[in-house]
Amino acid sequence: MVLTDRDIDTMALARQIRIHALHMTSQGGSSHIGSALSVADLLAILYGRILRVDPAHPRWEARDRFILSKGHAGAAVYAALAESGFFSVEKLKTHYQNGSDLSGHVSHKGIPGVELSTGSLGHGLSVGAGMAYGAKLDGKRHRVFALLSDGECDEGSNWEAILFAAHHRLDNLVAIIDYNKIQSLAPVAETLALEPFAEKWRCFGWAVSEVDGHDHRAITEALLRVPFSEGIPSCLIAHTVKGKGVSFMENTVLWHYRTARGEEFDAALRELTRNA
Amino acid sequence: MRDSFIKRVTQLAARDPRIMLLTGDLGFGVLTEYAKAFPRQYLNVGVAEQNMTGLATGLALEGRIVFTYSIANFPTLRCLEQIRNDACYHGANVKVVAIGGGFSYGALGISHHATEDLSIMRSLPEITVVSPGDRWEAEEATESVAFTPGACYLRLDKSFAPETHQPDDPFTLGRARLARAGNDLTLIATGGILGVALRVADRLAEELLIECRVLSMHTISPIDHEAIRAACAQTAGIVTLEEHTVRGGLGSAVAEVCMDEHLLPRLFRRLGLRAGFSSIVGDQQYLRTVYGLDGESVYTAVLDAFLQAAQGKKAPAGGAT
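Going line by line, the protein sequences match chains C and V. Under this note's numbering, think of the first position of the first sequence as 6, with each following residue one higher. Under this note's numbering, think of the first position of the second sequence as 221, with each following residue one higher.
Shown next, in the form of structure tokens:
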């Protein structure tokens with residue numbers, strides 16, 4: 006059964022994604038909890054409302070394709086897939102462990118529901134554009150969604166793909182930007198400024214919409230409208246908060262890499278469960 | 221070899237709609253007919269090799285067989301990570317084609333000298349690496365890589381050896397082709413420089429009655445263990461010849477097989493590039509002469525190695541050629 010045909014509580018799904026991601030990164034001692042929390046709401050909307058995918062048939066030909074180009078938020082995608090029924094929630098416990106195929110950065114091998122393995126930034130949009138171009142050639146109606154980080158937009162390869170998608174009028178391609186304004190070592194504005202960001206995409210020939218990346222109603226309404234303009238690829242800039250949902254992780258550079266353990270873990274879990 | 225590739229890929233595109241050819245804005249004049257005949261199977265993606273390789277992966281994951289076409293190091297080194305992570309790791313049917321192996325574009329300078337591509341590409345997991353020696357091999361290799369599952373790299377030279385195959389000879393990826401029979405010594409070559417190996421072998425036979433076996437090692441990865449084993453067992457030893465750095469290329473690949481299999485040829489020499497970047501430019505023949513890969517230099521090197529082996533002397537370590 007296609008996920009979007011179910012009545013999914015996206016707020017509950019987002020909460021579960023956050024709680025799983027916290028457990029997974031804590032148990033494994035891995036980084037990027039801030040990034041996972043940043044995209045949790047976007048993933049909950051995608052898997053709960055937007056993507057036409059079927060967990061029982063992960064390779065169903067007419068499915069929408071979703072690519073996590075910012076592969077370092079892999080824990081959140083694994084959590085979303087498990088909660089959506091692609092594989093058991095139990096398997097999440099192996100994340101980042103010796104011998105596991107649930108790698109820190111998202112990998113497709115042995116993981117139903119993952120279209121593309123990523124981890125090096127600036128790959129996903131090109132592959133997504135190839136998928137979208139192929140779908141156009143074949144007259145197929147599925148869409149391709151690629152979720153990118155803001156820091157990832159430093160990579161020149163993205164801009165090659167951005168040029169290509171506009172030139173070939175790939176309105177079946179949707180780029181979603183997790184614009185939390187913080188990259189690996191410092192704020193985006195201090196590292197390599199992206200502003201005026203929406204204008205850049207528009208100048209490159211994309212139709213752009215901006216939303217609060219934690220407002221479920223706004224995200225849903227925006228993604229239900231794609232393509233924003235016929236014959237033009239769509240870019241949804243989601244203004245997000247890095248570390249969203251855990252007060253002491255929010256808007257900090259520190260929690261890009263830090264792992265929550267001990268009291269920090271307990272405090273984070275309390276906040277995430279209290280928000281239920 | 222470029223024309224042989226285009227000829228065969230055009231035939232393939234006509235009979236198999238899955239075939240696509242992506243170019244990184246290169247191929248002036250030579251892709252026009254293909255593009256006109258198969259507009260749905262052709263795409264000039266612009267000067268953007270990283271995107272080209274990513275696009276090819278996306279198209280391949282959706283069922284197509286995609287050639288990415290450019291020259292020298294652009295379709296390989298420029299987008300190496302896309303080849304590794306996207307094409308190879310996903311087992312995608314992406315067929316990377318580089319026109320201009322070695323010093324094919326010698327006069328254009330080091331940016332256009334493809335002299336490390338074989339070692340770099342063969343170190344990647346899950347990719348077939350092919351470097352044909354003549355135009356027949358180039359054409360056959362084009363078809364073979366198209367229908368070999370997963371990522372492939374096809375290195376096409378400007379130079380090409382005279383054709384030595386028989387009408388019914390099969391072309392099999394991963395199997396060296398016997399280009400000349402002989403049991404005194406084995407010359408193993410890859411790419412168009414196979415022609416030099418054949419000329420040297422003919423001259424050694426004419427002048428000194430030394431009969432060289434010449435193997436075209438058109439597939440560098442996976443390499444043909446059996447042919448190397450037979451060369452060690454049946455001939456005095458092996459000289460490898462490549463228009464490419466000796467670091468990690470054909471010679472290294474052959475040496476690895478010898479060591480791994482405890483084969484100890486009495487004679488083993490790697491002829492290739494040892495001098496680093498060539499800031500000197502010139503055409504392919506000229507640069508081969510500069511770096512000791514022309515017929516005369518190779519003849520001298522092979523004869524020297526053979527005589528030393530015959531006298532039971534230890535071969536000297538590779539020089540500074």
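Each residue gets a CB set at the ideal place from its N, CA and C atoms; glycine is no exception.
Taken through DSSP and simplified to helix, strand or coil, L27 (chain C) comes out as helix. In this structure, the CA atom of H219 (chain C) is about 29 Å from the CA atom of L168 (chain C). Contact check between the region 367 to 375 of chain V and the region 313 to 320 of chain V: three or more CB pairs, one atom from each, fall below 8 Å, which counts as touching. Under the Cβ criterion of 8 Å, L168 (chain C) is counted among the residues facing chain V. A134 (chain C) has a beta carbon lying within less than 8 Å of a beta carbon in chain V. Look at the region 414 to 493 of chain V and you find these whole runs of beta strand (DSSP E), each 3 residues long or longer: 432 to 436, 439 to 441, 457 to 465, 487 to 493. Spatial neighbours of D159 (chain C) in its own chain (CB-CB distance under 6 Å, excluding positions within 5 residues in sequence) are listed in chain order as L197. For N271 (chain V), the neighbours in chain C by C-beta distance under 7 Å run, in chain order, S131, S162, E165, A166, F169. In this structure, the straight-line span from the alpha carbon of D354 (chain V) to that of T123 (chain C) is close to 38 Å.
Remark: C-beta atoms of I50 (chain C) and H173 (chain C) do not approach each other more closely than 8 Å. Contact between the region 200 to 212 of chain C and the region 264 to 271 of chain C is absent, with fewer than three C-beta pairs closer than 8 Å. L152 (chain C): member of the beta strand (DSSP E) spanning 149 to 154, first to last residue. Looking at the backbone, the Cα of F91 (chain C) and that of Y262 (chain C) are separated by about 28 Å. Contact between the region 237 to 245 of chain C and the region 336 to 356 of chain V is absent: fewer than 3 CB-CB pairs across the two stretches fall below 8 Å. Around the beta-carbon of N103 (chain C), fewer than 16 other beta-carbon atoms lie within 10 Å, marking it exposed. Of the other Cβ atoms in all chains shown, 16 or more fall within 10 Å of the Cβ of M437 (chain V); this residue is therefore buried.
Flagged as an interface residue toward chain C: A268 (chain V), by a C-beta distance shorter than 8 Å.
In this structure, P369 (chain V) and A361 (chain V) do not form a Cβ contact; the two beta carbons are roughly 16 Å apart against a cut-off of 8 Å. Identification of chain V residues near H110 (chain C) by a Cβ-Cβ cut-off of 9 Å yields none; the smallest Cβ-Cβ distance measures about 10 Å. At a cut-off of 8 Å between beta-carbon atoms, S125 (chain C) makes contact with chain V. Interface flag for A61 (chain C) against chain V is unset, since no Cβ pair is found closer than 8 Å. Using a Cβ distance threshold of 8 Å, H464 (chain V) and T348 (chain V) do not count as a contacting pair.
Rounded to the nearest whole angstrom, the C-alpha separation of R490 (chain V) and A475 (chain V) is 9 Å. Secondary structure remark: continuous beta strand (DSSP E) runs of at least 3 residues inside the region 344 to 378 of chain V, in chain order: 347 to 350, 371 to 376. Beta-bridge partners of V179 (chain C) (DSSP): C:F150, C:S239. The residue among C:I116, C:Y101, C:G115 with its C-alpha nearest the C-alpha of G109 (chain C) is C:Y101.
Neighbourhood of S122 (chain C) in chain V, by CB distance below 9 Å: N305, D306, Y309, H310, in chain order. Under the three-state reduction of DSSP, N305 (chain V) is assigned to helix.
With fewer than 16 neighbouring CB atoms inside 10 Å of its own CB, E446 (chain V) falls in the exposed class. By the neighbour-count criterion, in which 16 or more other beta carbons inside 10 Å mark a residue as buried, T15 (chain C) falls on the buried side. The C-beta distance from C432 (chain V) to G412 (chain V) rounds to 18 Å, too long to meet the 8 Å contact threshold.
Close partners of H128 (chain C) in chain V (Cβ separation under 8 Å): G274, E301, Q302, N305, D306.
Pairwise C-beta distances place the region 144 to 163 of chain C out of contact with the region 283 to 294 of chain V, as fewer than three of them are shorter than 8 Å. Bounds of the alpha helix (DSSP H) holding I226 (chain V) are 222 to 235. The DSSP-derived three-state label of R260 (chain V) is helix. Listed along chain V, the residues sitting closer than 8 Å to G139 (chain C) by beta-carbon distance are G278, L279, E282, G283, R284.
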